[in-house]
């Protein structure tokens, strides 16, 4: 970037999701199939999921703040939630109980510091509960979600 004076932003992508996929969507499918969700034993398994509307908007903003030397920023949702909590929420919506299997072979949680992202790109706008509900409604229009959850 410096050699050719090309402004860049390096985004460290964490926990993206939406109707087309991502770890929350994968875990939803596992729940619906009655399969266990493998998690790292150190609880809680915190993440900052970022919904597709937000990652598109912040992706555009990342191009606008590009610089030389490159800007390096963690790119994730503004809210922290554990996999245990978001799976429980999805389970309440669809009427299934998540099954957790804790094993050291599972991925360790990816819990980024988004302070700098907030400073230069802004905060995400879609709360995780709303994003998860949208994801489920779009992926599974055949399901009737339980009202009053969350």
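In the working numbering, the protein residues as written are 3 to 152. Yeah, the Cβ is synthetic: ideal placement off N, Cα and C, and Gly gets one too. All values derive from a computational prediction rather than experimental measurement.
*Relative to the C-alpha of residue 55, which residue among 104, 35, 78 and 103 is closest?*
Sequence index remark: in the chain shown, residue 55 carries index 53 (1-based). Residue 55 has its Cα closest to that of 78, out of 104, 35, 78 and 103.
*Provide the residue(s) that pair with residue 11 in DSSP beta bridges, ordered along the chain.*
The residue labelled residue 11 in the question sits at position 9 within the chain shown. Bridge partners of residue 11: 73.
*Cβ of residue 36 within 9 angstroms of Cβ of residue 101?*
Mapped onto the chain shown, residue 36 falls at position 34. Mapped onto the chain shown, residue 101 falls at position 99. Going by C-beta atoms, residue 36 is nearer than 9 angstroms to residue 101.
*asked:* Closer than 8 angstroms is the cut-off here; do at least three beta carbon pairs connect the region 38-51 with the region 62-70?
replied: no
*Helix, strand or coil for residue 99, going by three-state DSSP, please let me know.*
Numbered from 1 along the chain shown, position 97 holds the residue referred to as residue 99. DSSP places residue 99 in coil when its eight states are reduced to three.
*The beta strand (DSSP E) spanning residue 36 covers which residue range?*
Indexing the chain shown from 1 puts residue 36 at position 34. It is not in any beta strand (DSSP E) - residue 36 carries neither H nor E in the DSSP assignment.
*From the DSSP output, read off the bridge partner residues of residue 49.*
Counting from 1 along the chain shown, the entry for residue 49 is found at position 47. 83, per the DSSP bridge assignment.
*For residue 42, which of helix, strand or coil comes out of DSSP?*
Translated into the one-based positions of the chain shown, residue 42 becomes position 40. DSSP places residue 42 in coil when its eight states are reduced to three.
*asked:* From the DSSP secondary-structure annotation, give me the bridge partner or partners of residue 104.
replied: The residue given as residue 104 occupies position 102 in the chain shown. For residue 104, which the question treats as bridged, DSSP gives the partners 41.
_If I measure Cβ to Cβ from residue 69 and keep anything under 6 angstroms in the same chain, skipping five residues before and after, which residues do I get?_
Position 67 of the chain shown, counted from the first residue, corresponds to residue 69. If we look at residue 69 and ignore the five residues flanking it on each side, its Cβ neighbours are 9.
*Could you give the distance in angstroms between the alpha-carbon of residue 140 and the alpha-carbon of residue 4?*
For the purposes of this step, residue 140 is taken as residue 138 along the chain shown, with counting starting at 1. For the purposes of this step, residue 4 is taken as residue 2 along the chain shown, with counting starting at 1. Approximately 43 angstroms between the Cα atoms of the pair.
*Just checking my contact of residue 112 with residue 148 at CB under 8 angstroms: how many whole Å lie between their CB atoms?*
As a working mapping, residue 112 is identified with position 110 in the chain shown. As a working mapping, residue 148 is identified with position 146 in the chain shown. Actually they do not touch by this definition, with Cβ atoms about 29 angstroms apart.
*Would you say residue 170 and residue 104 are within 9 angstroms of each other, going by their C-beta atoms?*
The structure shown does not extend to residue 170, since the chain spans only 3 to 152, so no value can be given for it.
*Euclidean distance between Cα positions of residue 21 and residue 136*: Numbered from 1 along the chain shown, position 19 holds the residue referred to as residue 21. Numbered from 1 along the chain shown, position 134 holds the residue referred to as residue 136. Cα to Cα, residue 21 sits roughly 8 angstroms from residue 136.
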